[in-house]
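Quick note on the numbering used here: the sequence shown kicks off at -15 and runs consecutively.
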Amino acid sequence: IENFRGYYLHSYEYRDQKELEGKKVLVVGAGNTGGDIASEICRTAAKVFLSTRSGTWVISRIADDGWPLDLVFTTRLKSSIQGLLPGFIVTRMLPKKFNQWFNHENYGLVPLQSLWPSVTLNEELPNCILSGSIVVKPNVKRFTETSVIFEDGTVEEDIDVVIFATGYKAKFPFLEKSVQNICKSSISLYKCVFPPDLEKPTLAFIGYVGVTGSILPAAELQARWVTRVFNGSCKLPPVNKLMGEVDKRRKALFRKGFPCEKDSAKMNFVAYMDEVAACIGVKPNVPLLFFLDPKLALEVLFGPCTAYQYRLTGPGKWEKARSMILTQWDRVLKPLKTRIIVSPPQHSSTAFWVKVLGMPTFLGVAFLIFKYSSPSWLPRIK
């Protein structure tokens, strides 16, 4: 890149699409940030190229029937099913699900690796590619003064700006060297929070974890745990058990094909939340709920796993948590009720089926009566 005479920057420096008006731009990286930047600047830039090394699955934030994807996806039932299914079945099912929206191979986005592929949330990207506003390219091989050469041998000339949306490397220069080596990856931390080999638990990392759901409720639950450890309400296991737990998680990820030196592992949202909640004593007991409160239990099992579920019991219990769980779908729809639609009166389904099934039944009975009994107008045979 040092040979490139144009302007290049990291995605964190990007501010406004107006700065790139009329320019030919290359965005390196097709993750969430790269997809968002490319989709935005293609409205004003002369041409936008999106370079991806490994490909990505692009999905919408809106799931079936218009519900938010995270609410539909992060349920206890789906999490349990996903945990029980073998990895090879999951890797076969997911591509079919992702390709229901559009065929990723036709758009040049299909991931090269089946294990731990990248997933990008973006509704605009497929349309921008289809309209030609964004051109998908493979990994960059090298730069010249004014052009870029890709690994497939193609060359794009007169590139004005290069934006690197290639992620970040975590660094903690203010910590001791021994601690820095441990904290290079959240996988090296106990429950992705505590360094396992400290003499006392006086250091914790909040939000330093990747989950398949929202990071905010995960970070909040981590903070609740950390504060209780710091004030002595919760105790951590001995150091040897902490190290054993970390090693066990690393080996489990390695068996699934994840390169553990990286820090992009996505923990199963519900499983990780329950793991941390169990350390605090706030994990909901779903089987017990089915005996005590079946209505709530059904919503906890089949509904979205929101932070309210970890306020039902234990430290930090909230008396309104139950009502919040039972009405969370209503609150999702409330902001959308800006145009009241008066639906036509719905006919009773019972009356409908009576009409549908009643007429054939009546005709059948009439036929049998006529066939096996003599009509009154016929002379009786004695």
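Beta carbons are placed, not taken as given, at the ideal position from N, Cα and C, and that holds for glycine.
Owing to the predicted nature of the structure, the values given are computational and were not obtained by experimental measurement.
Residue i, DSSP secondary structure in three states
{"i": "Ile73", "result": "helix"}
{"i": "Thr28", "result": "coil"}
{"i": "Trp85", "result": "coil"}
{"i": "Ile(-15)", "result": "coil"}
{"i": "Gly194", "result": "strand"}
{"i": "Leu320", "result": "helix"}
{"i": "Val210", "result": "helix"}
{"i": "Tyr174", "result": "strand"}
{"i": "Leu280", "result": "helix"}
{"i": "Lys267", "result": "coil"}
{"i": "Lys232", "result": "helix"}
{"i": "Pro79", "result": "helix"}
{"i": "Leu4", "result": "helix"}
{"i": "Val326", "result": "coil"}
{"i": "Pro299", "result": "coil"}
{"i": "Pro201", "result": "helix"}
{"i": "Gln66", "result": "helix"}
{"i": "Lys225", "result": "helix"}
Beta-carbon gap between residue i and residue j smaller than 9 Å
{"i": "Val254", "j": "Val270", "result": "no"}
{"i": "Arg37", "j": "Phe286", "result": "no"}
{"i": "Gly197", "j": "Thr104", "result": "no"}
{"i": "Glu67", "j": "Asn252", "result": "Sequence check: residue 67 is Gly here, not Glu. Yes."}
{"i": "Thr385", "j": "Gly6", "result": "This structure cannot settle anything about residue 385, because the visible part of the chain is limited to -15 through 366."}
{"i": "Ala47", "j": "Leu55", "result": "yes"}
{"i": "Val193", "j": "Ser170", "result": "yes"}
{"i": "Leu78", "j": "Gly19", "result": "no"}
{"i": "Tyr174", "j": "Leu220", "result": "yes"}
{"i": "Asp144", "j": "Ser131", "result": "no"}
{"i": "Leu53", "j": "Ile43", "result": "yes"}
{"i": "Val146", "j": "Tyr(-4)", "result": "no"}
{"i": "Ser115", "j": "Val32", "result": "no"}
{"i": "Val177", "j": "Val139", "result": "no"}
{"i": "Leu10", "j": "Lys125", "result": "no"}
{"i": "Asn(-13)", "j": "Thr186", "result": "no"}
{"i": "Lys8", "j": "Ala22", "result": "no"}
{"i": "Met308", "j": "Tyr292", "result": "yes"}
Host beta strand (DSSP E) of residue i (start-end)
{"i": "Val32", "result": "Lys31 to Ser35"}
{"i": "Ile43", "result": "Trp41 to Ile43"}
{"i": "Leu105", "result": "Val103 to Leu105"}
Run of the alpha helix (DSSP H) containing residue i, from where it starts to where it stops
{"i": "Leu276", "result": "Val270 to Leu276"}
{"i": "Val163", "result": "Lys161 to Ile166"}
{"i": "Leu114", "result": "Leu109 to Leu114"}
{"i": "Ile309", "result": "Ala305 to Leu310"}
Beta bridge counterpart(s) of residue i as assigned by DSSP
{"i": "Glu140", "result": "Val132"}
{"i": "Thr59", "result": "Pro288"}
{"i": "Ile147", "result": "Leu(-7) and Val11"}
{"i": "Arg126", "result": "Ile133"}
{"i": "Val120", "result": "Leu34"}
{"i": "Lys155", "result": "Paired residue(s): none; Lys155 is not in a bridge."}
{"i": "Pro52", "result": "Ile46"}
{"i": "Lys219", "result": "In the DSSP output, where bridge partners are listed per residue, Lys219 has none listed."}
> On the three-pair Cβ rule with 8 Å, is the segment 133 to 151 touching the segment 181 to 199?
Replying inline: No, the segment 133 to 151 does not touch the segment 181 to 199.
>> Does the contact criterion of 3 or more C-beta pairs under 8 Å hold for the segment 259 to 266 versus the segment 286 to 299?
In response: Short answer: they touch.
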